[in-house]
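In terms of the UniProt record's numbering, the sequence shown is residues 1 to 903.
Where is the CB? At the ideal position from N, CA and C, for every residue including glycine.
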Amino acid sequence: MFRRLTAFVGGIFGHNQRDTANEDIPQEHSHLPIYHPSEVPRFAERTSVGGQMAYIGGNPASYTTALKRTYGNVDTPGITSASRRGTRKRKTGSHPNRKRGSTSLLNMLGVRSLRKEVVFEDERPSKRRRRGSSSERDSSGSEDEAPAKDKSVSTGSGIREWDPWPSGTWNEKYKRRYYDECKLTVHWACEARGSGKNETGSKDAETEHGAKHVHRVCLGVMKCTSALCEVITRPQTKQSGRNQQLDNGCSCGHPLQWHGCDAEMKYWVWRNGARFKHSGYHNHEPPPTRHLTAAERARFAKMVKAHPRVGPSKLIAGIPGVDGPGESVLDISPVFVNPQRVQYERAKILKPANSTRDERLLPKIRLLQEQNPTWTIALHWADKIHMVIFQSPWQRRMGLQDMIKSEAVNGTVSDACHGYFLGNNQLLFISSAFDPIHLKSWVPILMTYSNGAKTVNYRIHFLHLFRGMAQECQARSHAVTDRLFANVVDFSDAQRNGFIQAFVDFWLEFSPEARDERELLQAAEGLLKGCRQHFGNQITRIAHISRVVAPERQTLFRQLAVNILRADDENDMQRRADELVHEFPRAEGWAKWWMRPSHRRMLCYGASTMAKQLWDALPASTNAAESMNHKSYAMVGRDNNLFYGFSGIIKIITTFERIYDAARKGQKPFYGKDRQYWKYTRLKYGFTKHGRHEPRPKRSTDGRAPDTIERLTAADPRNREKKEILFQRCFRWMLSSCWLDTALTVLSAAAGRDFDDMKALASFPGSDNLLTKLHVILAAHIAEAAAASPDLDVKGCNTLSQLRTQFRQQLVRAKYVPDMSSSDAVFGWLQQMLAKLIVLKPTALDTKHCISKFRMLVAQVKKCEGSQAMPVPHWEVAHPLWRAPLQLSTSLHRAFNGDLRKW
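Here it is as structure tokens:
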């Protein structure tokens, strides 16, 4: 009986909404379908009987859905489709079908009242009573004179949730606290109307009479005229905007139709309360939602704060969990179907915590100082330099370690962590020291937030580092020495200059009379060691730039670059760099950068002013700092806002300290004998990780085209053409013999022009007789060159190589070269030999003739005009003198484009 009566009520309501003529209720509704009881309130939740609305509950969208399901696509009362401009037609009077018989029929069906909440007699009242019920309104039922009831009811979790879809005729009064939380926000598309003369006022008024008054009228919705389109458009608040919407039409291409609404909303707000008055029913679907209520915003904020690293896409799909995605923001509000809206609302919650404004951040820093009174939490907030220094007493103790002679883990390693804070210029400076006893790993001894990486930023960081070390030395009664401050850093000029300036500042503050500023600058230069890993990475990067280094010459480039690190002094380092530039001219800018005095002194011990013992005791790279950066990411994460990052820094330091205390009491913080297991791996296999082993030869397959540099640049032996030899037979390389091979080849080329003139060397007198040996080599080289053939004569090369080796042995015995494996200048040995002969002041013409083949004689010629006694012009020739060897510099080479004839 219940289900049949329910369907009958729905049929009557639906019929009255369609009919406009004054006629009795038809009898054909007895055939209406029977719905499940759970669908009954949805079917007849807001229906019209006699032109008025019966309020039962639910959301207004279900009303039209039920009508369509029963009767098809029909119009509803109060909605006009006569004009595209959407001129609203206000209802006047009551519906012609509103008769006493209809009301009696409703009473027979169990409906207690119209224009009030409808409750079926055989249905138990809901625990949550909706607004507009008879118990909450004046029994008279007057819309204009219904007194407001105080509805500021609190639940266990606070003020009850506000319904953003109000409907019906009701009037409620709230406390001001309730209004401040929910703002009485509505989701209906509304247009503001002017307030009455006596209704304007202020939110700070003492009474309701002078309260701030807001009056809004619902604009209904805009719907597509196509029966296949279900798009609902939210009307704009201005008439010009609505006209534009109607002109543009629906997104599907059909015209839009404006369905107006007569519902009105008014509310008054004063100092201690608020009142909301709603008149009329919304006989249309709800428009698309654009705003969040206070409850929805609080729920969203709770979700974001609980999962600050979950992005918009995951928030929409569901919070990741162990059992799969969980709660979604779509469960909160439909506005979150837009990922950009999710990102915007999420940023509003997270961004204030990342603000660097003084009024927001400084109180939080002072709170951290109060919570950690024994820590050094120093604040530098001036001249656009924002820095916060964090150092605990435990960090100061760990910063002072005894010298470790077994391995190079002494000193301090400092670097900047670029991914800890959110923002490009928000950095975390970390200085670390090695604990060899308990943790057997690097630990942070100073952590600093900085809003930049300028010299002044590093200067402040290192100054606090030095002060902390000095404070611990004084506590232990130890002397403060320069060696304590030795640091391994990268090659940033800001980092280097910041260290030097901080070193000078510290000693002028700690012991101003000991040294002057110039001496302190020199001492600071000898305390910095650069990271060789950075240099190695640069070599790899340049070697892969094919425009600078050809693919087939990468190995040579790497050898020449690494050879720079083996220099004995600054001059030797420059010479090795020049050799690299000579082979790879496009790498000149790269080599010059590394050859800057400040860089090469930190890169190579031969060019450094640091003591040898200290250089060997310091690490060769800043890998420890990179490892500390990754540990920070693993503990707290990346891209943290400022205050969250500050709290994370304290947690990182506290965590290291707790692990250290546990290890000191016997709790093992790692498996195995040693935490640095990679050392034993390197001793056993020759490398620390699989990625660093020598790659095995790759198997060739006919199913893969050549796609590597080696295979593409290698010549195919089957198609190789035999070319005629275009070079002379020469010496074979052996034990760095390039310099001597070059000298002998050049001399042979010069002597071959007129070798008969060189015969004097064959009978050169002297004990060492080196010029005679030289004549033999030149003669053999010229003879082999004249007999060159397309087929390489291996014996000829062997003969020349043997003569070269014998001659080199004689040069070593004569002490013109150091040994058989060292390199020398191309003609250095020849100049020493000739200088020795000239010192002996030879008088024999044959000897002078032999020397003149390699050294020039200069004779000064003067023309004399004569004297008064003998006015006869004549020439004077001075005694010939040996001239020093000519050396063509790089500037001359550029001036004459390398052409010796022009010179």
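Option nearest residue i by Cα separation, candidates the options
i	options	result
Phe807	Leu744, Arg566 and Ser432	Leu744
Gln887	Trp903, Trp162, Pro880 and Gly866	Trp903
Val488	Arg396, Thr622, Arg216 and Trp162	Thr622
Thr225	Ser251, Ala205, Lys212 and Ser240	Ser251
Trp381	Arg596, Ile460, Arg216 and Val310	Ile460
Met265	Asp568, Ala189, Ile385 and Pro308	Ala189
Val776	Lys238, Leu803 and Met628	Leu803
Arg216	Tyr420, Lys223, Gly194 and Arg297	Gly194
Ala884	Ala869, Phe896, Phe854 and Gly866	Phe854
Val443	Asp899, Asp323, Ile652 and Tyr178	Ile652
Pro619	Lys673, Gly411 and Ala567	Gly411
Contacting residues, own chain, Cβ-Cβ under 6 Å from residue i (five flanking each side not counted)
i	result
Gln27	For Gln27, the predicted structure reports a pLDDT of 42, less than 50, and the residue's modelled location is therefore unreliable. The matter cannot be settled from this model.
Phe276	Glu172, Leu184 and Tyr267
Val636	Gly648
Arg575	none
Ile349	Ala301 and Val304
Met447	Phe390, Ile430 and Ile649
Ser414	Ser431, Asn487 and Val489
Ala82	Because Ala82 carries a pLDDT of 35, less than 50, the predicted location of this residue cannot be relied on, and the following value inherits that uncertainty. Excluding sequence neighbours, Ala82 sits near nothing in its chain.
Gln832	Tyr816
Glu39	Note on Glu39: pLDDT 38, under 50, position unreliable in the model; the coordinate value appears next. If we look at Glu39 and ignore the five residues flanking it on each side, it has no Cβ neighbours.
Gln554	Ala543
Residue i CB to nearest heavy atom of the ligand NAD below 6 Å
i	result
His599	For the ligand NAD, the structure offers nothing, since it holds no ligand at all.
Other residues of its chain near residue i: CB distance less than 7 Å, five sequence neighbours each side excluded
i	result
Gly86	Residue placement at Gly86 is poorly supported in this model, since its pLDDT is 41, which falls under 50; the coordinates still yield a value, given next. Cβ within range, chain order: Arg242, Leu246, Trp258 and Gly260.
Arg600	Glu570, Met573, Trp594 and Ala607
Glu345	Phe300
Val335	Thr289, Arg290, Leu292 and Arg341
Ala561	Ile539 and Leu580
Leu379	Ile365 and Val388
Val548	Ile542, Phe584, Arg586 and Ala587
Ala502	Arg459, Phe462, Leu463 and Phe466
Thr654	none
Residues near residue i by beta carbon distance below 8 Å, same chain, minus five either side
i	result
Met734	Ser801 and Thr805
Gly468	Thr376, Gln391, Gln395, Arg396, Gly399, Ile445 and Leu446
Leu330	Ile316, Phe336 and Val337
Leu520	Phe503, Val504, Trp507 and Leu508
Thr890	none
Distance, residue j Cα to residue i Cα
i	j	result
Val581	Ala814	34 Å
Leu556	Ile709	15 Å
Tyr633	Gly423	15 Å
Ala295	Glu181	8 Å
Glu657	Pro393	10 Å
Val812	Ser852	24 Å
Arg675	Pro669	9 Å
His630	Arg518	39 Å
Asp516	Ala470	19 Å
Gln810	Phe827	15 Å
Met610	Leu362	42 Å
Asp661	Ser627	21 Å
Leu439	Ile659	8 Å
Gly419	Ile232	45 Å
Asp639	Val310	12 Å
Ala624	Ala825	42 Å
Cys473	Gln426	32 Å
Glu784	Asn798	11 Å
Rounded distance between the beta-carbons of residue j and residue i, thought under 8 Å
i	j	result
Pro235	Gly220	7 Å
Leu614	Ala486	6 Å
Leu778	Ala751	5 Å
Ala524	Phe491	Not quite, the Cβ-Cβ distance comes to about 16 Å (not below 8 Å), so this is no contact.
Lys203	Trp270	7 Å
Thr169	His278	7 Å
Pro880	Val858	7 Å
Asp821	Ser748	Strictly speaking, residue 821 in this sequence is Ser, with Asp absent from that position. Not confirmed; about 24 Å, so no contact.
Handout entry: Stretch pair the stretch 660 to 669 + the stretch 401 to 415: three plus CB contacts closer than 8 Å
Key = Result no; under three Cβ-Cβ pairs closer than 8 Å.
Handout entry: Stretch pair the stretch 427 to 435 + the stretch 504 to 520: three plus CB contacts closer than 8 Å
Key = No, because fewer than three Cβ pairs between the stretch 427 to 435 and the stretch 504 to 520 fall closer than 8 Å, the two stretches do not touch.
Exercise for the section: Assess, as a yes-or-no matter, whether the stretch 492 to 506 is touched by the stretch 452 to 464 under the definition of 3 or more beta carbon pairs within less than 8 Å. Expected result: The stretch 452 to 464 and the stretch 492 to 506 touch, with no fewer than 3 CB-CB distances between them shorter than 8 Å.
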